[in-house]
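Undergrad: Quick note: the sequence shown, position 20, residue 36 per this note's numbering, numbers continuous.
Here a beta-carbon is modelled for each residue, glycine too, at the ideal position from N, C-alpha and C.
A quick note: this is a predicted structure, and the numbers were derived from the prediction, not measured.
If you scroll down you'll find the structure; I have some questions about it.
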Amino acid sequence: MHRRRKIIGCLVALMAALAQLTAGAAARAEDRGDPRADGASVFKGWGFDTCQAPSLETLRAWRSSDYRAVGVYYAGRSRACPRQTHLSGGWLAGAHSMGWRVLPIYVGSQSPCVRSDSKRGYTIGDWPYDQGQDEAQEAVGRASALGIAPRSPLYLDMEAYDDKDDDCAHTTLEFVRGWSAGVREAGYLAGFYSSAESGVRHMERARRGGTGSLPDVMWFARWRGSPSTRDEPVLSRGAWTPHRRIHQFRGDVTETHGGRRLTIDRNLVDAPVAIIR
Numbered sequence: 017m018h019r020r021r022k023i024i025g026c027l028v029a030l031m032a033a034l035a036q037l038t039a040g041a042a043a044r045a046e047d048r049g050d051p052r053a054d055g056a057s058v059f060k061g062w063g064f065d066t067c068q069a070p071s072l073e074t075l076r077a078w079r080s081s082d083y084r085a086v087g088v089y090y091a092g093r094s095r096a097c098p099r100q101t102h103l104s105g106g107w108l109a110g111a112h113s114m115g116w117r118v119l120p121i122y123v124g125s126q127s128p129c130v131r132s133d134s135k136r137g138y139t140i141g142d143w144p145y146d147q148g149q150d151e152a153q154e155a156v157g158r159a160s161a162l163g164i165a166p167r168s169p170l171y172l173d174m175e176a177y178d179d180k181d182d183d184c185a186h187t188t189l190e191f192v193r194g195w196s197a198g199v200r201e202a203g204y205l206a207g208f209y210s211s212a213e214s215g216v217r218h219m220e221r222a223r224r225g226g227t228g229s230l231p232d233v234m235w236f237a238r239w240r241g242s243p244s245t246r247d248e249p250v251l252s253r254g255a256w257t258p259h260r261r262i263h264q265f266r267g268d269v270t271e272t273h274g275g276r277r278l279t280i281d282r283n284l285v286d287a288p289v290a291i292i293r
């Protein structure tokens with residue numbers, strides 16, 4: 017009997033140690049320190065994203081604004097603007113030479129409980145982790161073909177979903193984990209964009225629960241209140257820091273600079289941007 021109790025005690029201790037290692041690995045995944053130490057290029061300042069990548073002439077005109085970073089929807093089957101008239105390797109090089117910093121956005125499969133009617137035809141399938149890894153390969157391949165080098169971030173756009181639906185949340189999380197792991201394996205940073213009150217809240221809940229293979233950079237949409245990368249209520253103060261956050265603080269606003277008009281979302285950026293070959 018004594019020997020049996022000793023064996024059971026050893027098994028319990030081993031399970032506890034494994035749990036601590038898992039939680040520690042998960043914490044390290046989102047707390048890797050300054051990404052510049054790993055060769056990333058970090059930008060701090062104002063940015064915008066818009067459905068269709070603007071022409072280089074428009075970007076030149078918008079140099080008169082305070083914006084210096086631009087989000088580009090470069091790939092993914094559920095992009096609202098799948099045909100990008102201007103986007104190419106030459107466009108990226110030209111934008112970079114003007115001083116613009118690029119945030120590459122991949123809009124792939126969406127959560128099964130996505131709230132947007134327009135995204136419901138692109139939901140994650142029955143093997144979410146494997147599907148996430150497959151789409152990570154596509155995201156990396158398309159980025160590389162455009163001249164976006166390793167150590168760049170690729171931002172997965174996961175539109176708002178019901179993160180309190182347990183089955184749906186599990187499927188979505190497994191897809192995000194597979195995508196993040198695949199992007200990192202290829203030498204890129206795994207970014208994640210979603211609503212603060214759905215996807216971002218869900219990732220923070222997973223982080224606190226010790227889940228591993230989560231994204232490296234968090235881009236959260238909260239359109240009310242002042243722009244801040246530090247004071248997002250659903251994120252712990254030390255999570256996804258330093259230089260691993262973007263706040264999208266206004267959406268669907270129209271601005272004109274240098275005589276060129278665009279409808280944009282506004283962002284405050286303190287995060288990695290693309291390294292252009």
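1) For H186, count the other beta carbons within 10 Å of its own beta carbon; 16 or more makes it buried, fewer makes it exposed. Which is it?
2) Rank Y90, E190, P128, D65 by C-alpha distance to the C-alpha of R84 and give the top, closest one.
3) Which residues in the same chain have their Cβ closer than 6 angstroms to the Cβ of E271, if we skip the five residues on either side of it in sequence?
4) Considering just the uninterrupted stretch of the beta strand (DSSP E) at V269, what are its terminal residues?
5) Do you know how far the Cα of D182 is from the Cα of H112?
6) Would you mind listing the alpha helix (DSSP H) stretches within the region 72-111 that are 4+ residues and don't spill past its ends, in chain order?
7) Can you tell me where the beta strand (DSSP E) holding P169 begins and where it ends?
8) If you measure between the beta carbons of W239 and F265, is that distance less than 9 angstroms?
9) Any idea what DSSP makes of D150, helix, strand or coil?
10) To the nearest angstrom, how far is it from the Cα of G228 to the Cα of V250?
11) For A222, which residues in the same chain have their Cβ closer than 7 angstroms to its Cβ, ignoring the five residues on either side in sequence?
12) If you draw a straight line from the alpha carbon of G87 to that of S244, how long is it in whole angstroms?
13) Please report the residue range of the alpha helix (DSSP H) in which M114 lies.
14) Roughly how many whole angstroms lie between the Cα atoms of R52 and V130?
15) Could you check if P288 is buried or exposed, using at least 16 other CB atoms within 10 Å of its CB as the buried criterion?
16) Please report the distance separating the alpha-carbon of R293 from that of E213.
17) Would you kindly report the start and end of the unbroken beta strand (DSSP E) that includes W235?
18) May I ask which residues mark the beginning and end of the beta strand (DSSP E) holding S57?
19) How big is the Cα-Cα spacing for K180 and G106?
20) For D82, I'd like the list of residues in its chain whose CB is within less than 6 angstroms of its CB, leaving aside the five on either flank, ordered along the chain.
21) Verify whether the separation of the beta carbon atoms of Y138 and D173 is less than 9 angstroms.
22) Hey, how far is the Cα of L162 from the Cα of L108?
TA: Taking the geometry as given:
1) exposed
2) D65
3) none
4) 261-273
5) 42 angstroms
6) 72-77
7) 169-173
8) yes
9) helix
10) 19 angstroms
11) L189, L230
12) 18 angstroms
13) No alpha helix (DSSP H) contains M114, which DSSP labels as neither H nor E.
14) 34 angstroms
15) buried
16) 36 angstroms
17) 233-237
18) 57-65
19) 43 angstroms
20) W62
21) no
22) 8 angstroms
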